[in-house]
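To start, the structure under review is shown below, and the notes come after it.
In our numbering, the protein residues as written are 1 to 535.
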């Protein structure tokens, strides 16, 4: 285990220390390979032209070369062929023709292939003991034969990870045949916009499937080309669908998602649910309907994250926005196991301090909460920094909190209220998004009474500033400088506030002890309680 934390160069030295260390160091050194040419150079020297991306063998490997190579090949557990330079077609052909055994890397368990041009060479490394397979499909071309090869050579795959920029409509049928041919799948990660109606229905029959996810790295071109594939998302299921599914991430609008959740025999054992609606601007009513459907059908939910359109240019800021209110969020009160709730939306919050008190007291088990930090309506906020106090009082396990607030016009009574309040017990990160701020000192003093010195303050939103107009960018720049000043000052002030609280506690304890010494009856009662405890 210790060798596993050492750098490759260190393990290369460790292998030469003694016989006892030799195998341990070599196992750690060759367990994971992310440079295929480096591994195969042990077999036979490789060469590459300066203007080429591909290596070729200087000469075909001999019988003795293979014997020497196998001492290292048996140690490889994970192969990641995503390097800028890889093997050429001739090199793969030589490997195929000269190998001494069918399985070049017999103990390989995880295979990742990110170089589409050499896709046909991947079959050399496939075998029945591989359990995890990740592939990047870059070019649109027939996949039927390749997927059949995957099923035939790696029938016991448990984890399948496919990334692609190809719209689902071009690969859907081949992908369905692949999924049907891998009965032991436990986790599937699909390209975005590939969890279509047909694929959802196909995966519903997977007996061991516990996780369905998608790649989040979609771009605008892919949205235009691929979002049509999930525009009509309306799967139907039979009894026994998704028997073990506990984690689901989908990319559909909230109205379709609500219908999916309410569909008979939809997965009802989910502990984690993530929903991204890409460019769709979901109304607060759609948010409430989805939350209501989830609270009624997915009672085991522990983690819930909803992300509506996070592209500022899709909203006209001169229009009246919809508002996320307490009534919008009230359905989550019915989820008894919920510890993570994040709602990312361009629309603002419309909540009072009483609403925040109700939310915090109704969800005391929360460990992660984010509300309103991604709004693009940056000119007003109904919540002030006082909104932090209910969460500090009612949510002792809260580690992450995100709120959009107004940090201006902080008065002395408000700071005194924060000083008297219970500070956060577990908070590690506070995200304020692009919250309203006009000076840095008062917010820093306020935070110092509630936050630990090592609590990180983050002043960013999820949407990209590149997508914002010039006016928004100007606001963000000014506020960003002020929040950076707050971040620098809070740790110093928080440490000072911590020390004052500690001294205050010592003084109170001394006063209590003095009062007890002055009261003989109190001393007698204290002795009686101690004797009772010892009995």
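Beta carbons are placed, not taken as given, at the ideal position from N, Cα and C, and that holds for glycine.
Do you know how far the Cα of residue j is from the Cα of residue i?
{"i": "residue 153", "j": "residue 294", "result": "40 Å"}
{"i": "residue 190", "j": "residue 161", "result": "6 Å"}
{"i": "residue 85", "j": "residue 200", "result": "37 Å"}
{"i": "residue 529", "j": "residue 509", "result": "18 Å"}
{"i": "residue 148", "j": "residue 119", "result": "14 Å"}
{"i": "residue 34", "j": "residue 487", "result": "39 Å"}
{"i": "residue 213", "j": "residue 272", "result": "11 Å"}
{"i": "residue 92", "j": "residue 342", "result": "48 Å"}
{"i": "residue 448", "j": "residue 184", "result": "52 Å"}
{"i": "residue 472", "j": "residue 270", "result": "38 Å"}
{"i": "residue 419", "j": "residue 446", "result": "8 Å"}
{"i": "residue 224", "j": "residue 166", "result": "Confidence in residue 224 is poor, its pLDDT being 46 and thus under 50, which makes the residue's placement unreliable; the coordinate value appears in the next sentence. Using only the alpha carbons, I get a separation of about 12 Å."}
{"i": "residue 461", "j": "residue 348", "result": "13 Å"}
{"i": "residue 282", "j": "residue 253", "result": "7 Å"}
{"i": "residue 135", "j": "residue 463", "result": "28 Å"}
{"i": "residue 222", "j": "residue 52", "result": "In this prediction, residue 222 has a pLDDT of 49, which is less than 50 and means its spatial position is unreliable; nothing more can be read from the coordinates."}
{"i": "residue 495", "j": "residue 246", "result": "42 Å"}
For residue i, which of the options has the nearest alpha-carbon?
{"i": "residue 206", "options": "237, 233 and 230", "result": "237"}
{"i": "residue 105", "options": "179, 288 and 32", "result": "32"}
{"i": "residue 232", "options": "68, 241 and 196", "result": "196"}
{"i": "residue 268", "options": "137, 384 and 300", "result": "300"}
{"i": "residue 46", "options": "415, 94 and 489", "result": "94"}
{"i": "residue 144", "options": "113, 112 and 179", "result": "179"}
{"i": "residue 241", "options": "216, 265, 260 and 261", "result": "265"}
{"i": "residue 100", "options": "124, 440 and 78", "result": "124"}
{"i": "residue 280", "options": "166, 261 and 306", "result": "306"}
{"i": "residue 477", "options": "437, 456, 235 and 156", "result": "437"}
{"i": "residue 64", "options": "288, 278 and 42", "result": "42"}
{"i": "residue 112", "options": "77, 98, 141 and 139", "result": "77"}
{"i": "residue 308", "options": "257, 331, 298 and 262", "result": "257"}
{"i": "residue 244", "options": "211, 253, 227 and 263", "result": "211"}
{"i": "residue 536", "options": "67, 82 and 54", "result": "No answer is possible for residue 536: the residues shown for the chain start at 1 and end at 535."}
{"i": "residue 427", "options": "60, 57, 340 and 451", "result": "451"}
For residue i, which residues from the same chain have a beta carbon less than 6 Å from its beta carbon, with the 5 sequence-adjacent residues on both sides left out?
{"i": "residue 131", "result": "109 and 158"}
{"i": "residue 255", "result": "286"}
{"i": "residue 425", "result": "396"}
{"i": "residue 491", "result": "453"}
{"i": "residue 440", "result": "482, 485 and 486"}
{"i": "residue 48", "result": "55"}
{"i": "residue 369", "result": "341 and 401"}
Under 8 Å Cβ to Cβ from residue i, same chain only, skipping five residues before and after it: list those, please.
{"i": "residue 220", "result": "Note that residue 220 scores 47 on pLDDT, short of 50, meaning its location in the model is unreliable; the coordinates nonetheless yield the value given after this. None."}
{"i": "residue 261", "result": "290, 293, 294, 297 and 298"}
{"i": "residue 415", "result": "442, 445, 446 and 449"}
I believe residue i touches residue j by the beta-carbon criterion, under 8 Å. Please report the beta-carbon distance rounded to the nearest angstrom.
{"i": "residue 388", "j": "residue 365", "result": "The Cβ separation is near 18 Å, so there is no contact."}
{"i": "residue 373", "j": "residue 431", "result": "5 Å"}
{"i": "residue 30", "j": "residue 75", "result": "4 Å"}
Near residue i, which residues of its chain fall below 7 Å by C-beta distance, leaving aside the five closest residues on each side in sequence?
{"i": "residue 334", "result": "295"}
{"i": "residue 326", "result": "351, 355, 358 and 359"}
{"i": "residue 62", "result": "none"}
Could you tell me which whole alpha helix (DSSP H) segments of length 4 or greater appear in the stretch 266-343? 284-297 and 326-329
Alpha helix (DSSP H) segments (min. 4 residues) lying fully within the stretch 382-414: 388-394
What ranges does the beta strand (DSSP E) occupy inside the stretch 90-168, keeping only unbroken runs of at least 3 residues that lie completely in it? 110-113, 132-137 and 159-164
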